[in-house]
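Beneath this line is the structure, given in structure tokens, with notes to follow.
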Amino acid sequence: MTAHWDATFEKLVRAALTGYPAEAPLEPGVPLPAHGLDSLGMVGLSASLEDAYDFTFPDAALVPATFASPEKLWDTVTACLPGTP
Amino acid sequence: MTGKPLEGWFQDGLALNPHGPALRILDRSWTYTEVDRTARSWAAALSARHGPPRSVAVLAAKTPEAYIGLLAALYAGATAVPLNPENPPARNGAVLRAAGCEAVVADPAGAAGLAEVIAGAAVHSVLAPEELPGALPSLRVTPNDAEAAGFVTPPRAPDDIAYTLFTSGSTGTPKGVPISHANVSSFLRSSLPRYGVRTDDCFSQVHETTFDLALADIFPAWAGGACVCVLSRLQALDPARWVRRYGLTVWHSTPSLARGLQRKRLLAPGSLAGLRQSVFAGEALMTDTARYWQRAAPDGVIDNIYGPTELTIACSAFRFDPAVPDAQYGATVPIGTPNDGMEAILLGADGETTSGLGELCLTGGQMFAGYLDPAQNEGRFLQRAGRRWYRTGDQVRADDAVGFVHLGRGDSQVKINGYRVEVGEVEAALREVSGADAATFAVDAPSGAVLAAYVLCDAEPDLKALVEQMATRLPAYMLPRYVWWRPEAPLNAHGKTDRNRLREEAAREVADRAQF
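Top to bottom, those sequences are chains A and B.
Everything in the first sequence is counted per the working numbering, starting at 1 for the first residue and increasing by one.
Everything in the second sequence is counted per the working numbering, starting at 1001 for the first residue and increasing by one.
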């Protein structure tokens, strides 16, 4: 598996989950709601990602589907960052 | 039909405000005339192949298809069956088959998972905005103006079913709750005076249409010619932004949402100043949360409405009075008095009707006729004074000044963020995926109840795999926040799993984790 994201993203996502085993790799497709990420958790995570990467989620991205898996979330974050195609 | 079919209430709004917005999603809005025309053309398309379908699944959430599709199902003379594409396809498929849906309206997310949802179902027509995957194009229907022009909605009787919603069932199978046109009309007739809807009102629309609180936004707004403004569950957690951006005037949500904002101190005083009315439903509204919200929305009124899906959206209401001291209300805002057309009695622990404290039972125009599966009616109805009453399972106290005060429930049904969950259904799913014994509890946390579960078996299970399998069976709101493994279950004096001790242990664990 290639590295999909950086260490900051990995740390912030893991911190938003409940009980995700520290030794297990964070797989791109892992269903985040199954690991305790609820609506308030999603909003908290969106705020910490916005702070860490200095961007703002567009309104249309603030939907549960964005937070379905690390891969979807990272795709959304990178699409919002300047300098990405 | 004597009495108005549900879509007739939309047509009232159409007559009041034909060129005004009926629906807004982000930066796009649709006028009443557009929504009416689109729904009519969709209804015609859904009926073109085999005549009007009996039931139409609306597999869509927070998209134009979710709202216009709901109306299109009604225009087709069918029962609307809302399904959320976020829910596991296997569960949506079981619901679709149980409801006998012959046609589907799907949004892009719904269309993506459609093949699995309709496998084995007698679906003959699918209306979806994007190319359908796999072999499904043969089912696809496309609206056209000529068909729409000649289309007439088939006549229906007041007792015909307008929509069927599915709620959590304690035995592990969702329960279908069919609601008739007469039921919804009874709700709207008694509720509309409380809203006093104006054509320039903007209603928030936070909850998915699979949850009947959504219908408490959509149909009162549409009946009065107002705009339904769609917010995702996440957008709704920043209400001040949307009050400013959309000019929201009526807010509808669960108390959990307000409670969450209160805990994180996210609502500044006056930040919701445009709201003239805020309506909470779905679970207990704490008095201090109502006060917190009132400070943010100082010029608006706060209504607490109550009612199970079986009694059509909400069957009692109470208007919060900020001038009344806490001591008079107690910890939770009362649920008030029954709607017009509804009557209530209390059933005591001895099985006799009582006057002070007991299980709330109601009857009247909003009461459904029975579950889709009649076997589920067992124990839910009561015969008294020559009438049939629905037993809500809610324990209440009757108070002369404020009406009913909700005390709790006598069974294991809980509200998680406002969603109705049978703990037994979650536990059954955990047993199935683990192949082991399991215990699940709803535990109070500062943010409201959360689900915590134990898997009880000798060998350590792969918890990560288990919770992910749970997510393929249950909607996200039913997934436990915590799942723990315990090799040895504590036993009680009878040698059985000591559930009380496990529950206490879970409460401690949850409290520890809520510290930070």
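Just so it is clear, CB atoms sit at the ideal spot from N, CA and C, and this is done for glycine as well.
Sequence-distant residues of the same chain with beta carbon closer than 7 Å to residue i, five excluded per side
i	result
A:V30	S69 and P70
B:P1269	R1295 and A1296
B:A1106	L1059, A1060, E1065, L1114, V1126 and A1128
B:L1360	A1344, L1346, T1392, D1394, V1396 and F1404
B:A1214	Q1205, H1207 and E1208
B:D1531	Look at the range of chain B in this structure, 1001 to 1516, and you will see that residue 1531 of chain B is not part of it.
B:R1499	A1439
B:G1307	I1313, A1314, C1315 and S1316
B:G1274	V1243, G1247, L1248 and T1249
B:P1089	G1113, E1116 and V1117
A:A16	L37, G41, G44 and L45
B:R1291	P1322
Cutoff 8 Å; reference residue i; Cβ partners in own chain excluding five residues on either side
i	result
B:D1462	none
B:S1447	S1256, R1259, G1260, R1263 and A1514
B:L1383	Residue identity differs from the one stated: residue 1383 of chain B is Gln in this sequence, not Leu. The residues are W1389.
B:P1018	T1031, Y1032 and T1033
Local conformation of residue i per DSSP, three classes
i	result
B:R1276	coil
A:C80	helix
B:I1335	coil
B:V1197	coil
B:T1079	strand
A:W5	coil
B:T1309	helix
B:V1095	helix
B:F1516	Here the model assigns B:F1516 a pLDDT of 44, short of 50, so the residue's position is not dependable and the matter cannot be decided.
B:L1572	Because chain B here runs from 1001 to 1516, residue 1572 of chain B falls outside it and cannot be looked at.
B:G1500	Checking the sequence, you will find Asn at residue 1500 of chain B rather than Gly. In the structure shown, B:N1500 sits in a helix (DSSP, three-state: H, G or I).
B:N1304	strand
B:R1481	coil
B:V1510	helix
A:L40	helix
B:F1318	strand
B:V1184	helix
B:L1491	strand
A:H35	helix
B:G1176	strand
B:R1486	strand
B:F1211	coil
B:V1414	strand
B:S1170	coil
B:P1088	coil
B:A1216	helix
For residue j and residue i, believed in contact at Cβ under 8 Å, the rounded distance
i	j	result
B:R1097	B:G1120	7 Å
B:Y1419	B:F1280	B:Y1419 to B:F1280, Cβ: 14 Å. No contact.
B:A1453	B:Y1482	7 Å
B:R1054	B:E1131	Between B:E1131 and B:R1054 the Cβ distance is about 27 Å, and since that is not below 8 Å, they are no contact.
B:A1182	B:G1365	7 Å
B:I1335	B:H1252	With a Cβ gap of about 16 Å, B:I1335 and B:H1252 do not count as contacting.
B:V1426	B:L1474	7 Å
B:S1168	B:V1421	5 Å
B:Y1277	B:Y1195	As written in the sequence, residue 1277 of chain B is Gln, which differs from the Tyr given in the question. The Cβ separation is near 7 Å, so the contact holds.
Residues of its chain near residue i, where Cβ-Cβ distance is below 6 Å and the 5 sequence neighbours each way are ignored
i	result
B:F1166	V1095, P1174 and G1176
A:M1	Residue placement at A:M1 cannot be trusted, given a pLDDT of 44 that sits under 50; the coordinates are not used to answer.
B:C1202	C1227, C1229, Y1246, G1247, L1248 and T1249
B:G1424	S1170 and S1412
B:G1093	V1117
B:L1014	Y1032 and D1036
B:L1466	V1433 and S1434
B:G1069	V1058, A1060 and V1105
Entirely enclosed beta strand (DSSP E) segments - the stretch 1416–1455 of chain B, minimum 3 residues:
If we require 3 residues or more, the beta strand (DSSP E) runs fully inside the stretch 1416–1455 of chain B come out as 1419–1422 and 1437–1445.
Segments assigned beta strand (DSSP E), at least 3 residues, entirely inside the stretch 1022–1075 of chain B:
List check, beta strand (DSSP E) in window: 1028–1031 and 1055–1059.
Relative to chain A, which residues along the stretch 1377–1407 of chain B have a C-beta separation below 8 Å, given in chain order?
Residues passing the 8 Å Cβ filter: none.
Please list, in chain order, the residues of the stretch 24–47 of chain A that have any C-beta partner in chain B closer than 8 Å.
Sequence-ordered contacts of the stretch 24–47 of chain A with chain B read A24, V30, P31, P33, A34, H35, G36, D38, S39, L40, M42, V43 and S46 [C-beta pairs closer than 8 Å].
Under 7 Å, CB to CB, which of the residues in the stretch 69–85 of chain A have a partner in chain B?
For the stretch 69–85 of chain A, which is checked against every Cβ of chain B, not one residue is closer than 7 Å.
Enumerated in chain order, which unbroken segments of the beta strand (DSSP E) with a length of 3 residues or greater are wholly contained in the stretch 1331–1399 of chain B?
Every beta strand (DSSP E) stretch that sits fully inside the stretch 1331–1399 of chain B and reaches 3 residues is listed by chain position as 1342–1347, 1357–1364, 1381–1384 and 1387–1399.
Pick out the complete alpha helix (DSSP H) segments inside the stretch 1230–1287 of chain B, 4 residues or longer, and give them in chain order.
Qualifying alpha helix (DSSP H) stretches, in chain order: 1239–1246 and 1255–1263.
Name the residues in the stretch 1255–1271 of chain B whose C-beta lies less than 7 Å from a C-beta of chain A; which are they?
Taking 7 Å as the Cβ-Cβ cut-off, the stretch 1255–1271 of chain B approaches chain A at G1260, given in chain order.
Output, in sequence order along the chain, the residues in the stretch 4–21 of chain A whose CB is closer than 9 Å to any CB in chain B.
So the close ones are T18, G19, Y20 and P21.
What are the residues of the stretch 1212–1244 of chain B that lie near chain A, defined by any Cβ-Cβ distance shorter than 7 Å?
Here the close residues are S1232, R1233, L1234, Q1235 and L1237.
Output, in sequence order along the chain, the residues in the stretch 1482–1511 of chain B whose CB is closer than 9 Å to any CB in chain A.
Within the stretch 1482–1511 of chain B, the residues whose Cβ lies closer than 9 Å to any Cβ of chain A are, in chain order, Y1482, V1483 and W1484.
Using Cβ-Cβ distances below 7 Å, what residues of the stretch 50–62 of chain A are close to chain B?
If the cut-off is 7 Å between Cβ atoms, the stretch 50–62 of chain A has D59, A60 and L62 near chain B.
Could you name each continuous beta strand (DSSP E) segment of 3 residues or more that falls completely within the stretch 1133–1168 of chain B, going from the start of the chain to the end?
Runs of the beta strand (DSSP E) lying entirely within the stretch 1133–1168 of chain B, each at least 3 residues long, are 1161–1167 in chain order.
Interface positions of the stretch 1337–1360 of chain B facing chain A (Cβ-Cβ less than 7 Å), listed along the chain:
Answer set for the stretch 1337–1360 of chain B: empty.
Going along the stretch 1466–1479 of chain B in order, which residues come within less than 7 Å of chain A, judged by CB to CB distance?
Taking 7 Å as the Cβ-Cβ cut-off against chain A, the residues of the stretch 1466–1479 of chain B that qualify are V1467, E1468, M1470, A1471, A1476 and L1479.
Along the stretch 1109–1130 of chain B, what residues have a CB closer than 9 Å to any CB found in chain A?
From the stretch 1109–1130 of chain B, only A1109 have a Cβ closer than 9 Å to chain A.
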